[in-house]
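Notes follow the structure.
Numbering (the working numbering), first residue to last: 29 to 276.
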């Protein structure tokens, strides 16, 4: 019987993950024959390379300072009620360059449109938020390793250790690969002061998303999970769960 040699274990003094090619990193990770700490090093290097090329779903605004603690997948064809308010807010409040609205409508009408909701904590400039991102995307037609993407981000700021269930910051980011792939350009809308009507609208949208969170949080068919998320810094357990949290 031939002797089976155990997988080589890389150590901290010899690993140079940043020097490995994207293809090599993917192969080493997919084999899943390394200790978890090694997989984490490899995954971070892979994510850095993918980000530099703008590959996949990820974008800087859903990584920097973020901890995504749960992700729900949508079935776009049947989740109209859950997604309608987010789509309408994007249409109404998105930036106004000439090509933005046609791009939005083309995305939303695409039969291959995908959607997820990411629930997150975020820290930025000494402020802490909990919130969610309703994220729409699709494969770029000529290269399925790349994505067009539109995000609606609603956040509740933590003050004196608490959140109050009201939206304090809204961001809408419209990101066609056609511009992002050239110079990382994207169109961005951000608002932290609201008229009474806007306050009512954004709070209602947020509360509807929170209700969906609670309806789906124990539904295994709605959870997005992948073993590789255990190796990525911006997926994981919350570093803080504020008093009054919407996400119990």
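C-beta atoms are modelled at their ideal positions from N, C-alpha and C, and glycine is treated no differently.
Out of 218, 269 and 236, the CA that lies nearest to the CA of residue 121 is found in 218. Non-local beta-carbon contacts of residue 131 in its own chain, meaning distances under 6 Å to residues more than five positions away in sequence, involve 204 in chain order.
If you check the CB distance, residue 215 and residue 202 come in under 9 Å. The C-beta of residue 156 has 16 or more other C-beta atoms within 10 Å across all chains shown, which makes the residue buried. For a cut-off of 8 Å, the C-beta gap from residue 147 to residue 96 is around 7 Å, short enough to register as a contact. Within 10 angstroms of the beta-carbon of residue 111 lie 16 or more other beta-carbons, which makes it buried. For residue 163 and residue 141, the gap between their C-alpha atoms comes out near 10 Å. Rounded to whole angstroms, the gap between the alpha carbons of residue 133 and residue 213 is 19 Å. Residue 188 sits away from residue 196, with the two beta carbons spaced by 9 Å or more. Residue 150 is positioned such that its CB atom lies no closer than 9 Å to that of residue 270. Note on geometry: alpha-carbon atoms of residue 220 and residue 233 lie some 15 Å from one another. As computed with DSSP, residue 246 is found in no beta bridge at all. Judged by DSSP in its simplified three-state form, residue 159 adopts strand. Rounded to the nearest whole angstrom, the CA to CA distance from residue 237 to residue 261 is 25 Å. Distance from residue 209 to residue 174 at the Cβ level is roughly 7 Å; contact confirmed, criterion being Cβ atoms closer than 8 Å. Within the same chain, 184 and 231 come within 7 Å of residue 194 by CB-CB distance, once the 5 residues on both sides are set aside.
By the neighbour-count definition (other C-beta atoms within 10 Å, threshold 16), residue 180 is a buried residue. By DSSP's assignment, residue 203 forms a beta bridge with 177. In this structure, DSSP gives residue 143 an extended state, which the three-state scheme calls strand.
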